[in-house]
Amino acid sequence: MRHPLQHLRGNAVRALRNQGLHVDLLGEDLTSNLIEDAQKECLLVNAPLICRASLRVPFSVLKYAMTLDGKIAATTGHASWISCKQSRNLVFELRGRSDAVIVGGNTVRRDNPRLTARHGGGHMPMRIVMTQTLDLPEEANLWDMSEVSTIVVTQRGARRSFQKLLASKGVEVVEFDILNPREVMEYFHDCGYLSILWECGGTLAASAISSGVIHKVYAFVAPKIIGGKNAPSPVGDLGMVAMSQALNLIDVCYEQVGPDMLISGFLQPLPDMVPVIPSLNETFVVDPTVSPYESRIIFFYKTWDPYGVLSNYSPHPIQMPDENGDCVTWMSVEHYYQAHKFIRVDDPLAQDCVERIKSAISPEEAARIGRSMQKQKPYLV
Ligand SMILES: NC(=O)C1=CN([C@@H]2O[C@H](COP(=O)(O)OP(=O)(O)OC[C@H]3O[C@@H](n4cnc5c(N)ncnc54)[C@H](OP(=O)(O)O)[C@@H]3O)[C@@H](O)[C@H]2O)C=CC1
Ligand SMILES: Nc1c(N[C@@H]2O[C@H](COP(=O)(O)O)[C@@H](O)[C@H]2O)[nH]c(=O)[nH]c1=O
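With numbering that gives the first Met the number 0, letter number 240 in the sequence shown gets 239, and the count goes up by one each step, no holes.
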């Protein structure tokens, strides 16, 4: 398949063909039902890359283990173990395929987890803790940095003395003005993360789902019943009141793992799998009074879809007059847009940022520079 980013599209294919290799592109040179299935498999395998490239957050998987009566712990908070050994071994593999594993403060306080991939010398994911209060134990397995590092993300100004203690143990602390899953995922996207495994409890899981940053779910269901009116469940309050609002998983798979059942599926369509024209019962058009089928209206979003050339990210140069009326060429609308956040700001940092955006190699890079500068130095915008 072709690369999802327009400016990289075709490069690898061209390079291979230039070397005399025969390359067939799924869905272009080769078409058939079988090929369509293969193309879909290709999309699924590349889900993290596609998500990262088009949604500008890492691909996030929410994983949890629950009893048959939908509990992720007993009323006391005790949770080890719900799923069987084979299931937990599979979790080590999932961790090993992720760039980071993330939990909420309460899971750290309650479980003192290690969050390592005990799979024999393979890749170890970074460990991330999300906590507003920073009210965490002084001693915890996650502060043992001998095998792998931990990053704690928290609210700006939270418990400065505890931040110092963490720093003395080598734990990185990142402060956010607004600590929510989307901001945190955008930050880790900008740091280069591709895929994140969420192993938190229901409180943070609900917040992450509501923020739209969870793409896939892995639910291990153990044939056990624990009961308990107040025993926690995998997803906290989503503000839904009718079953018709429930989120339906897509491409659901069922797999038996020892005595457990692993149910997995996508929580939102992969960007390339989104239908270009929304179906009639979908109501998410920008203006609810406008039908998505109205012929005068052109819908565009991703650069590689029909009309994608109208997107800010389309890598087409534009010419715009500067403050003196002289014509200046910008590599894309996104370059122009990002630079104009800083263009008349009387500060050398802002001027430097404009120059960096101007010479960014792609619209995505221009957006990355603009957005991270805006986040780091909000006073410049
Ligand atoms: N069976 C399983 O698969 C799992 C079971 N568990 C069990 O679940 C229980 C803990 O569940 P739960 O309390 O939901 O734990 P979470 O892991 O969801 O932690 C919740 C905490 O996350 C922090 N947080 C930071 N930002 C946010 C935000 N934007 N929204 C929500 N929370 C945020 C807060 O920490 P702070 O208070 O520090 O500010 C909050 O109290 C334990 O009993 C544990 O054993 C946990 C994980 C998996
Ligand atoms: N209880 C439970 C899970 N709990 C998750 O695993 C974490 C513990 O990881 P570690 O300390 O590395 O073994 C814990 O904090 C929570 O996120 N996972 C599962 O696959 N099955 C289970 O039954």
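Note that beta-carbon positions come from the ideal geometry of N, C-alpha and C, so glycine has one too. On a predicted model such as this, the values are computed, not experimentally measured, just so you know.
DSSP places Ser53 in the helix class (H, G or I) of the three-state scheme. In terms of Cβ geometry, Tyr306 and Ser331 do not form a close pair [threshold 9 Å].
Rounded to whole angstroms, the gap between the alpha carbons of Val256 and Leu67 is 15 Å.
For Pro231, the CB falls within less than 8 Å of some heavy atom of ligand 1.
Remark: the C-beta of Thr115 is in contact range of ligand 2, defined as less than 8 Å to any heavy atom. Looking at Glu40, His77, Ala37, the one whose alpha-carbon comes closest to that of Pro231 is His77. Judged by beta-carbon spacing, Val353 lies beyond the 9 Å limit of Ile360, meaning their Cβ atoms are not closer than that value. In terms of side-chain proximity, the C-beta atom of Ala72 is found nearer than 8 Å to a non-hydrogen atom of ligand 2.
In this structure, DSSP gives Pro314 a state outside helix and strand, which the three-state scheme calls coil.
Pairing Val100 with Arg126 gives a Cβ-Cβ distance under 9 Å. Within its own chain, the residues whose Cβ lies closer than 8 Å to the Cβ of Leu93, once the five positions on either side in sequence are excluded, are Val60, Lys62, Leu196, Tyr217, listed in chain order.
According to DSSP, Ile34 shares a beta bridge with no other residue. Ranking Ser31, Val12, Asn17 by CA distance to the CA of Asp23 puts Val12 first. Apart from the 5 residues on each side of it in sequence, Glu171 sits with its Cβ closer than 6 Å to the Cβ of Ile150 in its chain, given in chain order. Between Pro233 and the set Pro320, Arg55, Ala64, the nearest pair of CA atoms involves Ala64.
With respect to the 9 Å criterion, Leu269 and Leu42 are classified as neighbours on the basis of their beta carbons. Excluding residues up to 5 positions away in sequence, Leu133 lie with their Cβ nearer than 6 Å to the Cβ of Phe161 in the same chain. Within the same chain, and ignoring the five residues on either side of Ala349 in sequence, the residues whose Cβ sits closer than 7 Å to its Cβ are Phe341, Leu379.
DSSP places Asp321 outside both helix and strand once states are collapsed to three, so it counts as coil. Taking a C-beta distance under 9 Å as the contact criterion, Ile208 and Leu261 do not qualify as a contact pair. Of the residues Met0, Gln18, Arg51, the one whose Cα lies closest to the Cα of Asp36 is Met0.
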